[in-house]
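Student:
2 protein chains.
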Amino acid sequence: MEHILVRTNGSQADQETAGRNRELFEMANITVINLMSAPGAGKTSLLEATIPGLRGWYEVAVIEGDLQTDLDAERIRALGVPSHQIKTGTVSHLDARMVNSALAEFPVQGVDLLFIENVGNLICPALCDLGEKLRLVVCSVTDGSDTPKKYPAIFRSADVIVVNKVDLAMSGGVDVAELRRNLREANATAPIFGVSCRTGVGLGAWLGWVRNAMARRSVLVATNA
Amino acid sequence: MEHILVRTNGSQADQETAGRNRELFEMANITVINLMSAPGAGKTSLLEATIPGLRGWYEVAVIEGDLQTDLDAERIRALGVPSHQIKTGTVSHLDARMVNSALAEFPVQGVDLLFIENVGNLICPALCDLGEKLRLVVCSVTDGSDTPKKYPAIFRSADVIVVNKVDLAMSGGVDVAELRRNLREANATAPIFGVSCRTGVGLGAWLGWVRNAMARRSVLVATNA
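This is the structure we're talking about:
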C-alpha cells in the first residue's frame, strides 16, 4: 500500500482561516516563518541564535506552540523580543485558527518578521498551513541520517532546512553527507544550512540567508510604494 | 487554560479493539511492549542492542510502525528476528486496529516477547492503547533536559524509561541530572535506565531489567500450569 502525502488542512474552514491569516500578514507586510522540527532538535535555540543578528534592522516577534509549558516563550522574552505562548493541550500541532485567535491577544502591527514555532512533531505540522510565507524545518544530526526518509512530507514542504548540532556528528557517529543526500532526495530545491546553535558553527551563512530574504522583501515594499 | 492529559483512545471502538488485543496476547502468553519515542531517539537501536541478549532464552518478534519506509523492519530482520512493518501513511501513531490487522498477516504463536515500535512521535502515541502489557519510552540526551516537561503525558504513561545517547551528554552540553529530575517529576515510579546504544554503556542494567521482567512472567506461567 503506497500513500501520497499532500500538504493540506483538515477542513475547508481551516484552509479559509489560513488564507485569511495570509492576507492579514501580507497587508501588514509581515514575513511569517512557520518553524517546525522533532522535539529537541533546536527550534528555540535557532531563534536564540538568529534574533540577536537581526536587532536594529527588523522588528521581530515570536508565537510559540507547546502542549502546556511557557518555557520557550520565556526564553524568547529573555531576548527582549515580544512572544506569545499558545498551549495546545493534547493537540499535536498548531492550526490556522489557533494562530488567528492568538493575533487577537498579541498585536503584531509594526512587526517585520514573525516566527511561529510549532509543536515538536515531524508528522502532523506537515499537513497544516498556518498562513505562513515560508516553512523552515530544523533537523538534528544526532537523530541520525535517515530522518528525511522516514518523515518525508515535512521536509518536502520546506522552503528552507537547517541541520542543527553538526558539532556532534563525529562523536555521535552520524554520516552528515548521507543526511544531506537524504534531505536532497526529499526536497530538491530548499537551501540547506548545517549549523550548531551551541558552538555557533554555520550560523553566519544561515543569518545571511535570513537577512537576504528580508532585504528582498524590503526592495519589494519600496517598489510597491 | 490548564489541560489534563489522560491515557485514552479516540473512540469506544478503539478501546474495545485494544481490549481484544490484550486478551489475545495474554491467552497466548506473549509479553507485549509498546516502544515509543521522538524521531531519532533510538528505538530501533535499542532493539538492536536488546534482542541479541535474549537469544536462546526467549522467542522475540517485532512489529514496526512507520509512515512509509521498511528501513526499521529490515534492521530487525538482519538480527534474524521476525518483523512486520505497518505503514501508517499520514497517520501519526499506531492504533489498536492497525495492530489487530497486522496479527492476521504476522502470526505470533510461540512468541514470548513482542515489541511494537511505534511511529516516532512524543504526543499522539501517549493517548493510544494498543493492548500492550508494558509501555517503554525512550528519550535522547541530545534532545535536552526539558523534554519531559514539554511532553509530560507520554512519560507519565511509561512503565519504564530508557535515556539513550548518554555518551553525548558532555559534548552536547546537556545536564543529565536535570533530565533525570524532570523525568522523575513526570513519572514518580518507572525505572529509568541511562544507556548508549552506540557505545554499549548502561545496556547491562537495562538487559537485566528485561530478563527479570520475562523471568517473573515465567514463574507466573509455571505457577498457573
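Residue numbers (our numbering), protein chains in the order written: chain E, 8 to 232; chain D, 8 to 232.
All C-beta atoms, glycine included, are put in the ideal place defined by N, C-alpha and C.
The structure presented is a predicted model; accordingly, all values stated were derived computationally and were not measured.
Can you tell me whether D77(E) is buried or exposed? The criterion is at least 16 other CB atoms within 10 Å of its CB, across all chains shown.
Tutor: So D77(E) counts as exposed.
Student: Taking only runs of the alpha helix (DSSP H) that begin and end inside the stretch 69-95 of chain D, which ones reach a length of at least 4 residues, in chain order?
Tutor: Within the stretch 69-95 of chain D, the complete alpha helix (DSSP H) runs of at least 4 residues are 78-84.
Student: Using a cut-off of 7 Å between C-beta atoms, extract the partners of K156(D) located in chain E.
Tutor: Residues of chain E passing the Cβ test: T76, L78.
Student: Give me the DSSP bridge partner(s) of M43(D).
Tutor: M43(D) pairs with V144(D).
Student: Could you give the first and the last residue of the continuous alpha helix (DSSP H) run that contains G183(E)?
Tutor: Checking the sequence shown, residue 183(E) turns out to be Val, not Gly. Segment 183-193, the alpha helix (DSSP H) holding V183(E).
Student: Under 8 Å, do I280(E) and L54(E) count as touching if we go by C-beta distance?
Tutor: The requested residue 280(E) does not occur in the structure, where chain E is confined to residues 8 to 232.
Student: What residues in the stretch 66-100 of chain E bring their beta carbon closer than 9 Å to a beta carbon of chain D?
Tutor: Going along the stretch 66-100 of chain E in chain order, one finds D73, L74, Q75, T76, L78, D79, K94, T95, G96, T97, V98, S99, H100 with a Cβ nearer than 9 Å to chain D.
Student: Any Cβ of chain E within less than 8 Å of the Cβ of L137(D)?
Tutor: Cβ-Cβ to chain E under 8 Å: no for L137(D).
Student: Measure the alpha-carbon distance for H91(D) versus E71(D) and round it to whole angstroms.
Tutor: Distance between the alpha carbons of H91(D) and E71(D): 6 Å.
Student: Note down, in chain order, every chain D residue with its Cβ under 8 Å from the Cβ of S178(E).
Tutor: Correct list: D174, L175, S178.
Student: Please report how far the alpha carbon of I168(E) lies from the alpha carbon of A160(D), in whole angstroms.
Tutor: Between I168(E) and A160(D), the C-alpha separation is close to 29 Å.
Student: Considering only DSSP beta bridges, list what L120(D) is partnered with.
Tutor: For L120(D), which the question treats as bridged, DSSP gives the partners T38(D), V67(D).
Student: The alpha helix (DSSP H) that contains I199(E), what's its start and end?
Tutor: No alpha helix (DSSP H) contains I199(E), which is instead part of the beta strand (DSSP E) from 199-201.
Student: When we look at the beta-carbon of G209(E) and count the other beta-carbons within 10 Å, is it buried (16 or more) or exposed?
Tutor: Classification for G209(E): buried.
Student: At which residues does the alpha helix (DSSP H) containing V106(E) begin and terminate?
Tutor: Element bounds for V106(E): 103-112.
Student: Report the three-state DSSP secondary structure of V173(D) (helix, strand or coil).
Tutor: In this structure, V173(D) counts as helix in the three-state DSSP scheme.
Student: Taking the C-alpha atoms as reference points, what is the distance between A212(E) and E124(E)?
Tutor: Between A212(E) and E124(E), the C-alpha separation is close to 21 Å.
Student: Put I168(E) into one of helix, strand or coil per three-state DSSP.
Tutor: In the structure shown, I168(E) sits in a strand (DSSP, three-state: E or B).
Student: Between the alpha carbons of V173(E) and S178(D), how many angstroms are there, rounded?
Tutor: If I take the Cα positions, the gap works out to 12 Å.
Student: Are L137(D) and V170(D) close, meaning C-beta to C-beta below 8 Å?
Tutor: Cβ atoms of L137(D) and V170(D): not closer than 8 Å.
Student: Apart from the five residues just before and just after A25(D), which ones in its own chain have a Cβ nearer than 7 Å to its Cβ?
Tutor: Answer for A25(D): N16, A103, D136, L137, G138, listed in chain order.
Student: Is it a yes or a no for the stretch 85-101 of chain D touching the stretch 146-156 of chain D, going by three-plus beta-carbon pairs under 8 Å?
Tutor: Verdict: no, contact absent.
Student: Going by alpha carbons, who is nearest to V118(E) out of A85(E), A35(E), L86(E)?
Tutor: Of A85(E), A35(E), L86(E), the residue nearest in Cα terms is A35(E).
Student: Taking the alpha helix (DSSP H) that I161(D) falls in, what are its first and last residues?
Tutor: Start and end: 159-163.
Student: Starting from the beta carbon of S147(D), find every residue of chain E whose beta carbon is closer than 8 Å, and list them in chain order.
Tutor: What S147(D) touches in chain E: G47, T149, D150.
Student: Please list, in chain order, the residues of the stretch 111-131 of chain D that have any C-beta partner in chain E closer than 9 Å.
Tutor: Within the stretch 111-131 of chain D, the residues whose Cβ lies closer than 9 Å to some Cβ of chain E are V126, G127, N128, L129, I130, C131, listed in chain order.
Student: If we call anything under 8 Å between Cβ atoms a contact, is L143(D) one with A111(D)?
Tutor: Contact flag unset, no.
Student: R223(D) by DSSP, collapsed to three states: which one?
Tutor: Of the three classes helix, strand and coil, the one that applies to R223(D) here is helix, per DSSP.
Student: Tell me the rounded alpha-carbon separation between R191(D) and A195(E).
Tutor: If I take the Cα positions, the gap works out to 43 Å.
Student: Buried or exposed for A20(E), please, with buried defined as at least 16 other CB atoms from any protein chain shown within 10 angstroms of its CB.
Tutor: Per the 10 Å Cβ criterion, exposed.
Student: Under a CB-based cut-off of 8 Å, is R205(E) close to chain D?
Tutor: Yes, because at least one Cβ of chain D sits closer than 8 Å to the Cβ of R205(E).
Student: List the residues of chain D whose Cβ lies closer than 7 Å to the Cβ of D182(E), in chain order.
Tutor: Ordered by position in chain D, no residue passes the 7 Å Cβ test against D182(E), which lies about 13 Å from the chain.
Student: Considering only residues of the same chain and omitting the five flanking positions on each side of L120(E), which have a CB-CB separation below 6 Å?
Tutor: Correct list, in chain order: T38, Y65, V67.
Student: My guess is that N128(E) and P155(E) are in contact by the Cβ rule of under 8 Å, so how many angstroms apart are they, rounded?
Tutor: That pair is no contact at about 16 Å.
Student: Count the other CB atoms within 10 Å of the CB of A184(D); is the residue buried (16 or more) or exposed (fewer)?
Tutor: Answer is exposed; the Cβ neighbour count stays below 16.
Student: In chain D, what lies closer than 9 Å to L134(E) by C-beta?
Tutor: Chain D residues near L134(E): T97.
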